[in-house]
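Shown next, in structure tokens, is the structure this report addresses.
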Amino acid sequence: MTQHYSRRKLISKAITTVTGFTVGNLFLQNLSDANAATNSSKEVWIVEFSPASVRTGRIRLPKIIKSEAQWQAQLPLASFYVTRQEGTERPYSGKYLNVHDAGIFRCICCNTALFDSQTKFESGTGWPSFYQPIAEENITQTKDRSLFMTRTAVSCTRCDAHLCRVFDDGPKPTGRRFCMNSVALNFTPHA
Numbered sequence: 154m155t156q157h158y159s160r161r162k163l164i165s166k167a168i169t170t171v172t173g174f175t176v177g178n179l180f181l182q183n184l185s186d187a188n189a190a191t192n193s194s195k196e197v198w199i200v201e202f203s204p205a206s207v208r209t210g211r212i213r214l215p216k217i218i219k220s221e222a223q224w225q226a227q228l229p230l231a232s233f234y235v236t237r238q239e240g241t242e243r244p245y246s247g248k249y250l251n252v253h254d255a256g257i258f259r260c261i262c263c264n265t266a267l268f269d270s271q272t273k274f275e276s277g278t279g280w281p282s283f284y285q286p287i288a289e290e291n292i293t294q295t296k297d298r299s300l301f302m303t304r305t306a307v308s309c310t311r312c313d314a315h316l317c318r319v320f321d322d323g324p325k326p327t328g329r330r331f332c333m334n335s336v337a338l339n340f341t342p343h344a
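The working numbering applies: residue 154 is where the sequence shown begins, and numbers increase by one.
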């Protein structure tokens, strides 16, 4: 009788556990869908710039929300990996490492202005480095606790593309080093 009762109890607990996981996953999926719907109507403030890097003003725009499949269709594979999956390109491999022309570096995903070439410097790290963004409003900084350390990740305010990390070992006047991934950028030379 005890063995029969234990088996019944075990089966009952297994069914409860499976049901709990299923209901929990459905709840999380519905919550995720609700958050996506909420975020799709979210607006953000960014600063726009002319092709000559002249600030033209702050503008309120809808946040760009796309599915993973839509980003994959839009972006080259390396850009998708870095911007949507928070990857990092290999040092000394980026096409903008040695670009020193006057212009604006923009988000590859949504074309938001991110960095002016006048703030680019040689950091010796193998990644294009800048000491400040073109406008603080155009980037979002968050704590990144991956790889058993705390760093600051930088993303595009408009589309949440992962861009780089920022460190406190840069030159004056800011002391910051935005260590960029070239594949997260498009460069627009001054007109």
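All C-beta atoms in this analysis are idealised placements derived from N, C-alpha and C, irrespective of residue type, glycine included.
Between the beta-carbon of residue i and the beta-carbon of residue j, is there less than 8 Å?
i: I199; j: R311; result: yes
i: T293; j: S282; result: no
i: I212; j: E196; result: no
i: I287; j: F274; result: no
Suppose the cutoff is 8 Å on Cβ atoms and the five residues either side in sequence are ignored; what does the same chain contact list for residue i look like?
i: I261; result: L228, S232, T236, A314, V336, A337, L338, N339
Please list, in chain order, all residues of the same chain as residue i whose beta carbon is under 7 Å from its beta carbon, the five residues on each side excluded.
i: K248; result: S335
i: Q285; result: T272, T327, R329
Sorry if obvious, but does the Cβ on residue i come closer than 7 Å to a heavy atom of the ligand COA?
i: G279; result: What this structure holds is no ligand at all, so the ligand COA is not there to describe.
Assign residue i to buried or exposed, taking buried as 16 or more other Cβ atoms, counted over all protein chains shown, within 10 Å of its Cβ.
i: V319; result: buried
i: T265; result: buried
i: D186; result: In this predicted model, D186 has a pLDDT of only 46, less than 50, meaning its place in the structure is not dependable; the value taken from the coordinates is given anyway. Exposed, because fewer than 16 other Cβ atoms sit within 10 Å of the Cβ of D186.
i: M333; result: buried
Can you tell me which of the options puts its alpha carbon nearest to the alpha carbon of residue i?
i: P244; options: W224, F202, T278, N264; result: T278
i: A222; options: Y234, R213, P215, I212; result: Y234
Residues in the same chain with beta-carbon distance under 6 Å from residue i, minus the five sequence neighbours each way, listed in chain order, please.
i: A255; result: S270, H343
i: K325; result: none
i: D297; result: R304, A306
Does the CB of residue i have a neighbour CB from chain B at under 8 Å?
i: A231; result: Any reference to chain B falls outside this structure, which holds one protein chain only.
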